[in-house]
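Trainee: Before we start, here is the structure in question, set down as structure tokens.
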Amino acid sequence: WSNLGYLIDKGVITKDDSLFFIGLLQSSDWDVRQDAWSNLKLLVEKGVITKDDSKSFLGLLQFTAPDYRSDKEQQVTQDVRRRAWSNLGYLIDKGIITRDDSKSFLELLQSSNEYVRQKAWSNLGYLIDKGVITKDDSLFFIGLLQSSDWDVRQDAWSNLKLLVEKGVITKD
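Under my numbering, the sequence shown is numbered contiguously, ending at residue 181.
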């Protein structure tokens, strides 16, 4: 890992290796995962991870380890999700995640996983401020106000004031 920047600069590691590194972000080995997350910013800054990888990264926001029943895999799942959500702002600021990814976030607002759903709703204001979610999504939110899923409907009503204040939902 200490030579990662050098190897990227010399062309040994390239954009073609992005999925390999995204895979390391979800490794079941804690040390590997820790090192990969520690180097995420370098991988973005050097162009190994780019906008082309947004869908792969968005998958980490709702990641579930393959053998989720084991305690270890539950810990992996929680760690990957936590780290992914904590890097969301950075990836938006760097243009990895953009308005083009709004559909993915809208889906997360309805997730059956409470942690994922709550993280999505808690980031709603930021996503609006950054232009990932806009007035163009107003009909989606109006639909959530009438959702058959009580939790989703409650989340939508709880965030209605924010949606109005930010101009996503208007009287028009």
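All residues carry an ideal CB built from backbone N, CA and C; glycine is no exception.
Find the nearest neighbour of Gly134 within the set Ser27, Lys170 and Glu54, judged by alpha-carbon distance.
Mentor: Cα-wise, what sits closest to Gly134 is Lys170.
Trainee: Are at least three pairs of beta-carbons, each pair with one atom in the segment 160 to 169 and one in the segment 117 to 127, less than 8 Å apart?
Mentor: The segment 160 to 169, when compared against the segment 117 to 127, does touch it at the 8 Å Cβ threshold.
Trainee: Find the nearest neighbour of Gln71 within the set Glu54, Ser147, Lys112 and Gln87, judged by alpha-carbon distance.
Mentor: Measuring from the Cα of Gln71, the nearest candidate turns out to be Gln87.
Trainee: Here's a check: name, in chain order, each residue in its chain whose Cβ is nearer than 6 Å to the Cβ of Ile106, leaving out the five neighbours to either side.
Mentor: For Ile106, where only same-chain residues beyond five positions count, the Cβ hits under 6 Å are Ser63 and Leu100.
Trainee: Helix or strand or just coil, what does DSSP make of Val173?
Mentor: Val173: helix per DSSP, three-state reduction.
Trainee: If I'm right that Leu115 touches Phe149 with Cβ under 8 Å, what's the distance once you round it to whole angstroms?
Mentor: Indeed they touch by this definition, with Cβ atoms about 5 Å apart.
Trainee: What is the DSSP secondary structure of Leu70, reduced to helix, strand or coil?
Mentor: Coil.
Trainee: Kindly provide the ranges of any alpha helix (DSSP H) runs that are 4 or more residues long and lie completely inside the segment 18 to 103, ordered along the chain.
Mentor: If we require 4 residues or more, the alpha helix (DSSP H) runs fully inside the segment 18 to 103 come out as 27 to 33, 39 to 47, 49 to 54, 63 to 69, 80 to 95 and 97 to 102.
Trainee: If you draw a straight line from the alpha carbon of Val177 to that of Leu154, how long is it in whole angstroms?
Mentor: So the alpha carbons of these two residues sit roughly 14 Å apart.
Trainee: Taking only three categories from DSSP, how would you classify Ser185?
Mentor: Coverage of the chain is limited to positions 10 through 181, which leaves residue 185 absent and any answer about it impossible.
Trainee: Quick one: what does DSSP say Val141 is sitting in, helix, strand or coil?
Mentor: Three-state DSSP puts Val141 in coil, outside helix and strand.
Trainee: Is it buried or exposed, Trp10, if we count other Cβ atoms within 10 angstroms and call 16 or more buried?
Mentor: With fewer than 16 other Cβ atoms within 10 Å, it is exposed.
Trainee: Starting from Arg108 and walking both ways along the alpha helix (DSSP H), at which residues does that stretch end?
Mentor: Arg108 -> no alpha helix (DSSP H), and no H or E assigned at all.
Trainee: Based on Cα-Cα distance, which residue from Gly140, Glu54, Leu33 and Asp80 lies nearest to Trp46?
Mentor: Nearest of Gly140, Glu54, Leu33 and Asp80 to Trp46, Cα basis: Leu33.
Trainee: Is it the case that the Cβ atoms of Arg151 and Ser111 are separated by a distance below 7 Å?
Mentor: Before going on, a small fix: residue 151 reads as Ile here, not Arg. It is not a contact, given that the beta carbons lie outside the stated cut-off.
Trainee: Which residues mark the beginning and the end of the alpha helix (DSSP H) in which Ser120 is found?
Mentor: No alpha helix (DSSP H) holds Ser120; DSSP gives it neither H nor E.
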